[in-house]
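Residue numbers for the sequence shown follow our numbering, so the first one is 18 and each next one is one higher.
Below is one structure, written out as structure tokens; the observations come after it.
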Amino acid sequence: MNGSKFATRLMLLGAPGAGKGTQAVRLVDELGIPQISTGDLLRNAVAAGTALGKEAQSYMGAGKLVPDELVLSLVVARLAEPDAAKGYILDGFPRNLSQAEALVSRGIVLDRVLSLDVPKEALMERLTGRRICRACQASYHLSFNPTKVEGICDRCGGETYQRKDDSADVIANRLDVYEAQTAPLLDYYEKMGILRRVNGTGSIEGIYAALKDALVM
Ligand code: ADP
Ligand code: AMP
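Laid out in structure tokens, this is it:
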């Protein structure tokens, strides 16, 4: 990166399938700040069989939002870890106005919210063909961004899999939940003056370049 000053307390906003995870790993590798994905934190809790994971599971399976207090407890604990002191990339959080307000009330300030704008028609195809690395959570697509070796993550050599909630019926619910509960955050962060909108269609590299431009302070 050149001598410019970049925002480091970031949030990626966008519908399911907009490319948040795809772009987040690139930002992590270049900026050296962690991605904090509430979806990943919740899936880890489910896999570990914690009480929180057991409570979250049914909401996730149906494509509904997990109750705010469960998600907030995970995020607040993760933000307090030392690697988040220099900055972070929130991915999938906040997901509604009350979560956004909960951050403010805890004194957690974002420098920039990057919205990835993708037409709704493209999202279903992106999500039904998605594959995720079990080890590093990198996101691939069977046609649009395939791994070099089938089933093996290019980034870390882990095994790729299909998320259970990437089925057509659950995706449809997740897209409705996004419109109803998450999209209002666009206005909220616009009014705060920290929103930047980036076209989320086209090549992954081209979108990444546009995101980086939108990070200059
Ligand atoms: P999100 O984290 O926002 O839910 P992902 O980053 O997992 O979305 O991307 C969803 C799917 O779309 C993945 O299969 C990914 O490989 C694919 N994808 C990401 N960016 C693009 C793009 N620019 N063009 C086509 N497909 C993309
Ligand atoms: P994601 O990995 O971001 O697609 O999230 C997968 C699922 O986890 C969502 O469909 C929700 O059930 C749940 N989830 C993730 N983040 C949040 C959040 N901030 N608030 C509530 N539920 C969430």
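Cβ coordinates follow ideal geometry from the N, Cα and C atoms, glycine included.
Item: Go ahead and label Met234 buried or exposed: buried means 16 or more other beta carbons lie within 10 angstroms of its beta carbon, across all protein chains shown.; Value: exposed
Item: Which class does Asp182 belong to by DSSP, given the choice of helix, strand or coil?; Value: coil
Item: Under three-state DSSP, which class holds Arg123?; Value: coil
Item: What is the C-beta distance between Thr177 and Ile221, in whole angstroms, given that I count them as a contact (C-beta under 8 Å)?; Value: Not confirmed; about 17 Å, so no contact.
Item: Would you mind stating whether Pro163 and Ala101 have Cβ atoms separated by less than 7 Å?; Value: no
Item: Would you check if the distance between the CB atom of Ala62 and the CB atom of Gly70 is smaller than 7 Å?; Value: yes
Item: Using a Cβ-Cβ cut-off of 6 Å (strictly less than) and excluding sequence neighbours within five positions of Met28, which residues of its own chain qualify?; Value: Leu107, Leu127, Val130
Item: Within a Cβ cutoff of 7 Å, which residues of the same chain sit near Val194, ignoring the five residues on either side of it in sequence?; Value: Gly80, Lys81, Leu82
Item: What whole-angstrom Cβ distance do Ser122 and Gly31 have, given they're in contact under 8 Å?; Value: Between Gly31 and Ser122 the Cβ distance is about 24 Å, and since that is not below 8 Å, they are no contact.
Item: Would you give the residue range spanned by the beta strand (DSSP E) that Asp171 belongs to?; Value: No beta strand (DSSP E) contains Asp171, which DSSP labels as neither H nor E.
Item: Answer yes if the stretch 181 to 188 comes into contact with the stretch 132 to 147, meaning at least three C-beta pairs across the two stretches below 8 Å, and no otherwise.; Value: yes
Item: Along the beta strand (DSSP E) that carries Asp128, what are the first and last residues, could you check?; Value: No beta strand (DSSP E) holds Asp128; DSSP gives it neither H nor E.
Item: Among Thr199, Met209, Tyr157, Gly168, which one has its Cα closest to the Cα of Arg16?; Value: Residue numbering for the chain in the displayed model covers 18 to 234; residue 16 lies beyond these limits and cannot be assessed.
Item: Please name the residue, chosen from Gln74, Tyr76, Asn113, Leu192, that lies closest to Ala139 on a Cα-to-Cα basis.; Value: Leu192
Item: With hydrogens ignored, establish whether the beta-carbon of Phe161 is closer than 6 Å to any heavy atom of ligand 1.; Value: yes
Item: Give the secondary structure of Gln154 by DSSP, where H, G and I count as helix, E and B as strand, and everything else as coil.; Value: coil
Item: Could you give the residue range of the beta strand (DSSP E) that holds Leu91?; Value: Looking at the DSSP string, Leu91 is not in any beta strand (DSSP E); the run it does join, the alpha helix (DSSP H), is 85 to 96.
Item: In angstroms with no decimal places, state the Cα-to-Cα distance between Glu207 and Arg26.; Value: 16 Å
Item: Should Pro51 be listed as close to ligand 1, given that the test is whether its C-beta is under 6 Å from any heavy atom?; Value: no
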